[in-house]
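The numbers in numbering that gives the first Met the number 0 rise by one with no breaks, and the one at position 101 of the sequence shown is 100. The beta carbon of each residue, even a glycine, is placed where N, CA and C say it ideally should be.
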Amino acid sequence: MDKTVNPSNKRKVVMLANAGHNPLDPRIFLKEAISLSKNGYEVSLIIPTPQDDVVNGISIISVTPYARGWRKLIVCPWLVFRKALRQPKYAIFHLHDSELLVIGIWLKLLGRKVIYDAHEDTPQQISYQHWLPPLLKRPYAWLYIFLEKLAGLMFDGIIIAEPVIAKYFPSGKTCLIRNFPIVSNFNQDYIDYEKRSRRIVHFGMLTKVRGVLKMANAVAMAKRNCEFEFQIAGPFSPKELEKEILKLPVTYLGWVPSKEIAKITLDSRAGIVVPQPIERYKTNYPVKLFEYMAAGVPIVATKYGEVASFIKECECGILVDPEDEKEIASAIEFIFKNETAAKEMGVRGRTMVFTKYSWEKESENLLAFYSGFNC
């Protein structure tokens, strides 16, 4: 069969991801891949994972997973590239990791259509990587700035998850597709606020710079004056942090699927987002912020950056100094001691997400972007 000619009416998309992503990654699979599949595209995902699978009609094509070190940076992309070469030449290749930029350049040189999906500000993120020697951070960041500039020149399209990333790419090729929640997940199992468990939650990467230690210490203070549970889920980084956190009054759930996170949040009284005031967290916003809003819970949030802007716009939470554990504790206490005010904040946040900040609306931008490609 001639792989340069599409034999069917279905347009073909091959998504490429590196180690570190779950095959059912919320942005890559549950949002983008499924949205494209539901709208007439034949979608495959090549990703480091133990075995091939088909989920919701989407083919998951496995390569050997290496989670760390040079094997993740070099071997995994090479294995992904080899599998990509077996895919039809008429497909669009949609890259989801900066570590795959080099293979994207090779695919483009071989005549393929290539899209790069920049999830975060990679050069800025490099400066916060604890595993990278300090002397290598700046040249490593320069390397990725160069690769992203080259991608902007060579690739057929660029998707960015946050406005701040746009500075690296040409505006004419770039489309903002924000990582808003799938609100249909928050329509099921809805519980009236008064009947919910006395629980505050935080889900996502668990690190000191994202505020998990400040949260846990603040919870310990607040629990002296009111009764509630603090639940967290997600991976710790570094792993040693887990022991320190679990000495405090915290319930750790490990890794939890997206739908289960929605169910837990819908039976909670509050969410908390207090990243520390470094530049990286002043310019971005975690998707969990909008998931808490979709669940109708008030949010204890940092008073800095984009997070604070959304909270102010939606009037759905209490802004605090993310470095002040006493101030965080006071905000938590207020929510558990003032049910009516807390419920009203939650209702305002839920209304804003359902009307303005949902994946169901954002996916329209993805489909419009893809409609500009022939495949």
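Backbone CA spacing between residue i and residue j [nearest angstrom]
i    : j    : result
Q86  : P248 : 50 Å
T339 : W105 : 58 Å
E322 : I144 : 31 Å
M344 : I317 : 9 Å
E359 : R177 : 11 Å
T375 : G171 : The question about residue 375 has no answer here: the residues shown for the chain are numbered 0 through 374.
K396 : Q124 : Because the chain in this structure spans residues 0 to 374, residue 396 falls outside the shown range and cannot be described.
H118 : K222 : 37 Å
I271 : V352 : 17 Å
V319 : A330 : 8 Å
A328 : L142 : 42 Å
M14  : K166 : 24 Å
H93  : E314 : 37 Å
K281 : L78  : 36 Å
Assigned exposure category for residue i - 16 Cβ within 10 Å defines buried
i    : result
L108 : exposed
C174 : buried
N337 : exposed
N224 : exposed
I27  : buried
I277 : exposed
V53  : exposed
N17  : buried
T48  : buried
L72  : exposed
K238 : exposed
L99  : buried
S97  : buried
Where the alpha helix (DSSP H) containing residue i begins and where it ends
i    : result
L149 : P133 to M153
M292 : V286 to A293
L78  : C75 to L84
L94  : Taken as a continuous stretch (DSSP letters only), L94 belongs to no alpha helix (DSSP H), being part of the beta strand (DSSP E) at I91 to L94.
Contacting residues, own chain, Cβ-Cβ under 8 Å from residue i (five flanking each side not counted)
i    : result
D51  : S58, I59, I60 and S61
K325 : A217 and M220
Other residues of its chain near residue i: CB distance less than 7 Å, five sequence neighbours each side excluded
i    : result
S357 : F179, P180 and V182
F185 : A261, L265, A293 and A294
V306 : V272, Y284, L288 and A300
T350 : none
R195 : D266, S267 and R268
Enclosing beta strand (DSSP E) for residue i [first to last residue]
i    : result
F10  : Per the sequence shown, residue 10 should be read as Arg rather than Phe. That run of the beta strand (DSSP E) goes R10 to L15.
R347 : Per DSSP, R347 belongs to no beta strand (DSSP E); it is in the alpha helix (DSSP H), E338 to T354.
F368 : Taken as a continuous stretch (DSSP letters only), F368 belongs to no beta strand (DSSP E), being part of the alpha helix (DSSP H) at W358 to Y369.
R279 : That residue, R279, is in no beta strand (DSSP E); its alpha helix (DSSP H) goes E278 to K281.
6 Å CB neighbourhood of residue i in its chain, flanking five on each side removed
i    : result
K342 : Y192
F235 : L205 and E241
A215 : I244, L247 and V249
Whole-number beta carbon distance between residue j and residue i, since they are thought to touch under 8 Å
i    : j    : result
I260 : A232 : 7 Å
Y189 : A150 : Going by Cβ atoms, the distance from Y189 to A150 rounds to 42 Å, so no, they are not a contact pair.
D368 : I158 : Sequence inspection shows Phe at residue 368; the Asp mentioned does not correspond to that position. Between I158 and F368 the Cβ distance is about 7 Å, and since that is below 8 Å, they are a contact.
P25  : I46  : That pair is no contact at about 14 Å.
G210 : P274 : 5 Å
K136 : R111 : The pair is not a contact, with the Cβ atoms about 32 Å apart (cut-off 8 Å).
is_contact[residue i, chain B] using C-beta, thresh 8 Å
i    : result
Q187 : Of the protein chains in this structure there is only one, and it is not chain B.
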